[in-house]
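Q: In my numbering, the protein residues as written are 260 to 604.
Don't be surprised by glycine CBs; every beta carbon is placed ideally from N, CA and C.
Just so it is clear, the structure is predicted and the values come from calculations on it, not from any experiment.
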Amino acid sequence: MAAEGEADKTRPLVLVVEHSSAQRAILRASLLQAGYRVAEARSAVDAESKMLESAPDAILLTWELPDAEGPDLLRKWTANTTLETIPILMLTSHDEPDKILKALDSGAFDFLRKPPDRLELHARIRNAVRIKALHDELRRLASRDPLTGLLNRRAFMDQLDQELARSRRYGRDFALAIIDVDHFKRINDTAGHDIGDLALVQLSQHLTRSLRQVDVVARYGGEEFIVMLPETVPSRATMVLNRLRSGMQDVNWGNAEHPLSVTFSSGVSCFTGGHTPNATVLIKHADVALYRAKNLGRNRVELAVENKLSEDLEAEGVDVGVGVDVGVETKSGRLRPEPDHPDQD
């Protein structure tokens, strides 16, 4: 059953988990009157199905269900990282202190006796929704880069692990790109850090506007950005990155007082057919391709394909399992420039 009040999805959603249709009707009417959207479930299985459809902002959970007891569900749901931030208010006809303590010890956010007083119900739900909103905002801030508003490195890595697992499970292609702003140190030195920051913000907006909703972009550190492209073959990945790169031409990345042209170099790592390694290897390959792009003159995209890259590195005497260290020498020359080289900013 779809949540009532779907027309305004900005309103908080309350999931009522109650086996009694009469009790559900009373709670639904009261919550709708208070301005909430309402979804209903009559069992634990039904409730979990509803939560997959749309994550609620609060849950009203009865103690007695046909397929589970409330405290058992509390422990199960609060241990789930996806559900742990959703406040669960326990509903029970019991009035014994030990029942209340058991519910709270099992992870209940709050406790209400059935039938709840209308004003008390509204106040407790309002408090639960407010606390969840604050908690969600703290989580959002902790996962975001303060300058660009993009995901930060830690949050990106969490998502990358999930997407790689999905690619392996379903045998899907996957691409990852590292983007590095060319000569960024020179920009900071000549135009100032404020203009450098402005360029990073504008570049982050350019990337976000130009990518698909399923793609994920993050600030990887300093002047580096990182992009994951699920279900993307190598030819498509390089086309996307070259489109992003060419879209930066004839654009002022500074301001009216300090006009600025910006280019970037990018290394792309692709794995096909679900043969996806862990995140460390994927990033390592993209990083090698990025420094190849820089060594070849910058403002370009270089591709590292799984098999070819491994063969190239092994032919050069580089241990692919350990990785490529900064400044490693190979038969054909230096794969990566030394850090802080005056011409490698």
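(1) Check the C-beta distance from Arg-412 over to Gly-480 and give it rounded, since I have them as a contact under 8 Å.
(2) How far does the beta strand (DSSP E) with Arg-372 in it reach, from first residue to last?
(3) So Met-310 packs on Leu-274, CB below 8 Å; how close in whole Å?
(4) Using CA atoms only, rank isn't needed, just tell me which of Tyr-295, Ala-401, Glu-490, Met-498 is closest to Leu-562.
(5) Report the rounded CA-to-CA distance for Leu-272 versus Arg-283, giving the unit in angstroms.
(6) Exposed or buried, what is Gly-556 when buried is set at 16 or more other beta-carbons lying within 10 Å of its beta-carbon?
(7) Could you check which residue in Arg-559, Gly-294, Asp-326 has the C-alpha nearest to that of Ala-306?
(8) According to DSSP, is Val-521 helix, strand or coil?
(9) For Val-492, which of Gly-430, Cys-529, Val-304, Leu-459 has the nearest alpha-carbon?
(10) Tell me the rounded alpha-carbon separation between Leu-378 and Val-388.
(11) Short check: CB of Leu-500 to CB of Ser-469, under 7 Å?
(12) Is the beta carbon of Ile-437 sitting closer than 7 Å to the one on Ile-485?
(13) Verify whether the separation of the beta carbon atoms of Leu-435 and Met-487 is less than 7 Å.
(14) Using 10 angstroms around the beta-carbon of Gln-461, count the other beta-carbons present and answer buried if the total reaches 16, otherwise exposed.
A: In short:
(1) With 8 Å as the limit, Arg-412 and Gly-480 qualify as a contact, their Cβ atoms being about 6 Å apart.
(2) Segment 369-372, the beta strand (DSSP E) holding Arg-372.
(3) About 7 Å separates the CB atoms of Met-310 and Leu-274; that is less than 8 Å, so the two are in contact.
(4) The candidate whose alpha carbon is nearest that of Leu-562 is Met-498.
(5) Spanning the alpha carbons of Leu-272 and Arg-283 requires a straight line of approximately 15 Å.
(6) In the assembly as shown, Gly-556 is an exposed residue. Its beta-carbon has fewer than 16 other beta-carbons within 10 Å.
(7) Taking the Cα of Ala-306 as reference, the smallest distance to any Cα among Arg-559, Gly-294, Asp-326 is reached at Asp-326.
(8) The answer is coil: DSSP assigns Val-521 none of H, G, I, E or B.
(9) The candidate whose alpha carbon is nearest that of Val-492 is Cys-529.
(10) Val-388 has its alpha-carbon roughly 15 Å from the corresponding atom of Leu-378.
(11) In this structure, Leu-500 keeps its C-beta atom at 7 Å or more from the C-beta atom of Ser-469.
(12) The answer is yes: Cβ separation under 7 Å.
(13) Between Leu-435 and Met-487, the gap from beta carbon to beta carbon is short of 7 Å.
(14) By the neighbour-count rule (16 or more Cβ atoms within 10 Å), Gln-461 is buried.
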